[in-house]
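Respectively, the protein sequence lines represent chains A and B.
Numbering-wise, UniProt numbering puts 50 at position 50 of the first sequence, and it's gapless, one number per residue.
Numbering-wise, UniProt numbering puts 210 at position 210 of the second sequence, and it's gapless, one number per residue.
Built from N, CA and C at the ideal position, the CB exists for glycine as well.
A quick write-up on the structure given underneath.
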Amino acid sequence: MFKVRLYNTSLMSNNDFNALMPLLVLAGASVLVMLLIVARLSHRLIQLVSLLLFVIAFISLLNIRAMLPYQVGSLFMIDSFGAFMIGLIIFSGLAVNVFSYIYFQEKEEGPKEYYVLLFLCTLGACVLAVSNHFVSLFLGLEILTIGLYALIAYLRARNHSIEAGIKYLVLAAFSSAFLLFGMALVYLQTGALSFAGMANVIGAASVPPLLLTGLGLMLVGLGFKLAVVPFHMWTADVYQGAPVPVTAFIATASKGGVVASMLRFFAAIDGFRSEQLQVVMIVIAIASMVVGNLLALRQSNIKRVLAYSSIAHLGYLLVAFIPGGDVVPQAVSFYLLTYFTATFAAFGVITILSGAESDAEELVHYRALFWKQPALASILSVAMFSLAGIPLTAGFTGKFYVLTTGIGQGFWLLASVLVLSSVVGLYYYLRVVTTMFAGTRDLLPGPPPKYPVFLGISMVALFVLTFALIWLGVYPDHAIGVVRDLQLLVTAPATSFAE
Amino acid sequence: MMLVLLITVLMVGAVAAVVAGEWSRHVPRWIALVACVIGLMCVIAIWANTSPAGGSVPSGQWLLDYRKSWIPSFGISFHLAVDGLSLLLLALTFFLGVLAVLCSWDEIRERTGFYYFNLLWILAGVAGVFMAMDLFLFYFFWEVMLIPMYFLIGIWGSENRVYAAYKFFIFTQASGLLMFLAILGLYFIHGQDTGIYTFNYFELTGTVIPFKSAFWLMSGFMIAFAVKLPVFPFHTWLPDAHGEAPTAGSLILAGLLLKTGAYGMLRFVVPMFPEAVREAAVPAMVLGVVGIIYGAVMAYSQTDLKRLVAFTSVSHMGFVITGIFALNELALQGVVMQLVTHALSTGALFLMAGMIKERLHTRDIGEMGGLWGPMPQMGSIGLVFAMASLGLPGLGNFIAEFLILLGVFQAHPWITVAAASGLIFSAVYSLRIVGKIFLGPRKTMETVPDFSFREMLIMAALTVSIVWLGLFPQPVIDTARPAITELVRFMDVQSAALQHQPYVKQ
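Put into structure tokens, the structure is as follows:
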């Protein structure tokens, strides 16, 4: 079995400190950037420092690999699954950071505080990924959400931004209330706040009604954050109104963190065994896949298309989530990996194409892009194909993993709905690609790029993402091998208490 | 290794073409031509080496085999193998590939690099489909050919191209995904039975499947192949796609993509679900006959030349599905023959339609007429292929349809009677093609040049092949025989086993 070192002392030991290093780096980074802003450093410098700090956070994560799994107090369980998710989230923060310079340099708002908030949001999502306790779960969620309120409405002079910010604020606060009430009910029934404690109390007995109610309310709260149907109403407007890099962050890191904590919680209390809960989740999954894909069909705004597509993708993810069992963390992490990569490639292209006045969000904007900027158009095409789940791209391997998980446990209905709804999905992904091929090359050369260095960095990032998309599609064995080794632990094995 | 080379030469050529397209408009077509010719020579070399006259004669059905682990965690391997059936279709692939490049030589003037990239990529996908012996890999190649075809129709097609491209893509992708579900189902049934989770064709063919599951899995496979072939109610994408595609696109669609459907049935459906296939035989044959007659009637009523030829494909492919489900050696030999000859004859008709369109800028047969006068060469060649299409003895199609009808007669005489009526219908529409286009009064007084040297070369190659197949079909039959006899033997063994165990169905 895995050895879990457990310290029941109230003081943090050196090891605890080391294990939490990635989170601490992120927290410290936000303070450091704040100080740099006070010192009136330029946007360029702050951007580069943030980049460096993200890299440091990532390295510190690599550093703790040897000591996994590791439990910090009763709040955090840093296992390989959690570490993988933290990696994904930090990577998302990094990618968002890279794309942010060009985007915000041209905008009217001072861009510097943006980086502070970005670090905080990343921290919140990371905390979620390793939280093993209601307190850390809620704290992580609130750090993430409060940061996002400000980020979404960052361009505060713009109508859509304000609308999106308010919408997110109201609904997120609303859903937090649901979550809290659900937690309270669960606490009432079990008398424990830590996942392990709850698991001990519930044991193998059937799920009592009060607990079920609590779980249902929690599901509503988490469902809002994940934007699954029927809790998806805010998605399209927020995606459209938020600055493009922030949209990318909402689509990926914030959802990834919530999925990870939800998975950990479900695994702990073995929520998969409750039939009522399963039925509810199946309904949610099917509704998300169908509604998300159908609503995306009629959109002409690419940010809204991606918003509805993300609803559908969360539905696909639930297909891997619902069956329960050892395969679930693997399938979920692999799917998130492919989905993150494709989403960042898509949003990266949108960011680079966006101008000072408005985002490149209308599909018309992409006409003939393939003949004007073949590199960007190819990258966006690959991203679209990957999101559509077409072979040779990561999306296909991800969907394959999800389907095998679903079918392997006999969830044929979910698998069939996944397949049929992704056929519907093809239409709008293809429409984006078709638009880029329509029209002809206009002979006028565009204006020269304004920030060659940062454009270069962004392009390198995009190429890396595209390469990863194709690599994961053509030769996924390596990544599958990594994902297969992931362990999701909730309770420390009994033997380790003796240590 | 040779088999991998066949695919890599096309893929490398494709990438080289798109890179070269940045600098020059003319280099990509040469690259494409060279890639296809190299591939064709490789196939001929394999054929020569493995035929009785050549050096090594393999003992069993399989001539060459290449296997390398790909995604071992799911039991997926990069497994290619060819038998006679695959080899024939591969030869067809590269032969039509060369012709497709040649016929696009002057037709495509814009974005040539990307055009030849797509063309070669489709060919790579098709070649992969004919060789893949791992179901995951098979599905992979199955999908690889779709996207470039979508681009080919959507970018270089005629007026209504976007609609046609969508329709083609969504039909084939949707049915392909259902097949993928069936593949996964088979994978898990086999895995749960034996404990070995693998996508390997040779291991999966032996799976014992409960009848009900077998029926559903077979339906999953069949729907993908039936859409591609196309079988009667699933054919609606075909006239649009063929009509709007550029000439080379129509050629490849009719000559190769439709064949992948028939190949899939022969290679996967029949050996994997022998019981279910037997049960479904009569309905499938009836659908085939309906397709034969419906396609012919629709072809007669078309005014658009390319749509007309597209509907003749529906009719000819009706013979294919009828022949496959007759499940005896004669009919299956006829099916293989039909696959090859239909590719040649229909391909030639599409090429001709393309050439006429280049000259007259229309596909409407109402605006043609009397073209024999200015273009006697095209007229006579057109006559040859119209005759081939109606099944005139001496040309390849006759052999194919005759064998199919003979084979089907052994199984179900009445179905044969209905299917044979298709021959009369085909005579009606074929003669209408010749009459409307080449004979009668001239409609336009534009000067239309006859064949250029390049066009003559293309048509000569096709004419020689179709006459050769009509007079000496034996080499094709010999090449396909081991695969066919194996298939028939397998079905017999299955039914013999069934007679001893009458309760297997439950």
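Query raised in the report: Between B/L395 and B/V467, is the Cβ-Cβ spacing less than 8 Å?
Result: yes
Query - Identity of the residue in B/A16, B/D304, B/K259 and B/Q377 nearest B/R432 by Cα - result: B/D304
**Report entry** Coarse secondary structure for B/A124, derived from DSSP in three states
**Finding:** helix
Requested in this report: For A/A289, count neighbouring Cβ atoms within 10 angstroms of its own Cβ and tell me buried if that reaches 16, exposed if not.
Outcome: One detail in the question is off: residue 289 of chain A reads as Met in this sequence, not Ala. Result: buried.
Requested in this report: Report the residues of the segment 131-143 of chain B with a CB closer than 9 Å to any CB of chain E, ordered along the chain.
Outcome: The structure shown has no chain E; the protein chains it does contain are A and B.
Query raised in the report: Using the C-alpha atoms, what's the distance from A/T466 back to B/Y163?
Result: 29 Å
Report task. Can you pull the chain A residues whose beta carbon is under 8 Å from the beta carbon of B/P72, in chain order? Result -> Simply D477.
Query raised in the report: According to a CB-to-CB cut-off of less than 8 Å, which residues of the segment 425-436 of chain A neighbour chain B?
Result: Cβ contacts with chain B come from L426, Y427, L430 and T434.
Query raised in the report: What are the residues of the segment 176-204 of chain B that lie near chain A, defined by any Cβ-Cβ distance shorter than 7 Å?
Result: L177, L178, L181, L184, G185 and F188
Query raised in the report: What does B/I38 reach in chain A if we use C-beta pairs closer than 7 Å?
Result: Those within 7 Å of B/I38 in chain A number zero; the least Cβ separation is about 23 Å.
Query raised in the report: So with Cβ pairs under 8 Å, would you call B/V162 a contact of chain A?
Result: With a threshold of 8 Å between beta carbons, B/V162 makes contact with chain A.
Query - Chain-ordered chain A contacts of B/G347 [CB-CB under 9 Å] - result: Under the 9 Å cutoff, chain A gives no residues; its nearest Cβ is about 27 Å from B/G347.
Query - Residues near A/A164 by beta carbon distance below 6 Å, same chain, minus five either side - result: Around A/A164, the same chain offers I152, D237, V238, G241 and A242 as residues with beta carbons nearer than 6 Å, after the five sequence neighbours per side are excluded.
Query raised in the report: Where does B/I424 land, buried or exposed, given buried means 16+ other C-beta within 10 angstroms?
Result: exposed
Query raised in the report: Which residues, in order along the segment 371-389 of chain B, keep a beta-carbon less than 7 Å from a beta-carbon of chain A?
Result: Residues: none.
Query raised in the report: Should the segment 480-491 of chain A be regarded as contacting the segment 81-95 of chain B, the criterion being three or more beta carbon pairs within less than 8 Å?
Result: no
Report task. Determine the contact status of residue 509 of chain B and B/L120, defining contact as a CB-CB distance below 8 Å. Result -> Shown here, chain B extends from 1 to 506; a query on residue 509 of chain B therefore has no answer.
Query raised in the report: Quick one, are the C-beta atoms of B/T207 and B/I189 less than 8 Å apart?
Result: yes
Requested in this report: Could you spell out the range, first to last residue, of the alpha helix (DSSP H) harbouring B/A32?
Outcome: V27 to T50
Query raised in the report: Distance, Cα to Cα, B/V504 vs B/P271?
Result: For B/V504, the pLDDT reaches just 38, beneath the cut-off of 50, and the residue's location in the model is therefore unreliable, although a value from the coordinates is still provided. In a straight line, the C-alpha of B/V504 is about 17 Å away from that of B/P271.
Query raised in the report: Thinking C-alpha only, which one of B/M222, B/W237, B/P376 and B/P283 is nearest B/G261?
Result: B/M222
Query raised in the report: If you count every other CB in all the chains shown that lies within 10 Å of the CB of B/T322, and 16 or more means buried, which is it?
Result: buried
Query - Closer than 7 Å at the beta carbon, the chain B residues around A/I407 - result: L184, G185 and F188
Report task. Taking B/N160 as the reference, give the member of B/R489, B/A348 and B/P239 with the closest Cα. Result -> B/P239
**Report entry** Whole beta strand (DSSP E) elements within the segment 27-95 of chain A, 3-residue minimum
**Finding:** 70-72 and 76-78
Query raised in the report: Whole-angstrom Cβ separation of A/F224 and A/L171, contact assumed at under 8 Å?
Result: 6 Å
Requested in this report: With 8 Å as the threshold, decide whether the Cβ of B/Q506 is near any Cβ in chain A.
Outcome: Confidence in B/Q506 is poor, its pLDDT being 36 and thus under 50, which makes the residue's placement too unreliable to answer from.
Requested in this report: Could you say which of A/I143, A/F266 and A/A251 lies nearest to A/V308 if we only look at CA atoms?
Outcome: The question names Val, yet the displayed sequence has Tyr at residue 308 of chain A. With distances taken between Cα atoms, A/Y308 lies closest to A/A251.
Query raised in the report: Which residue from A/V127, A/L144, A/Q105 and A/I284 puts its Cα closest to that of A/C121?
Result: A/L144
Query raised in the report: Does the beta-carbon of B/H361 have 16 or more other beta-carbons within 10 angstroms, so that it is buried, or is it exposed?
Result: exposed
Query raised in the report: Using DSSP with H/G/I as helix, E/B as strand and the rest coil, what is A/A494?
Result: Note on A/A494: pLDDT 43, under 50, position unreliable in the model; the coordinate value appears next. Helix.
Query raised in the report: Taking Cβ positions, are B/F311 and B/W372 nearer each other than 8 Å?
Result: no
Requested in this report: Buried or exposed for B/W142, please, with buried defined as at least 16 other CB atoms from any protein chain shown within 10 angstroms of its CB.
Outcome: buried
Query - Whole-Å CB distance - B/I458 paired with B/L102, under 8 Å assumed - result: 5 Å
Query raised in the report: In chain B, what lies closer than 8 Å to A/I311 by C-beta?
Result: Result: empty, since nearest Cβ-Cβ is about 20 Å, beyond 8 Å.
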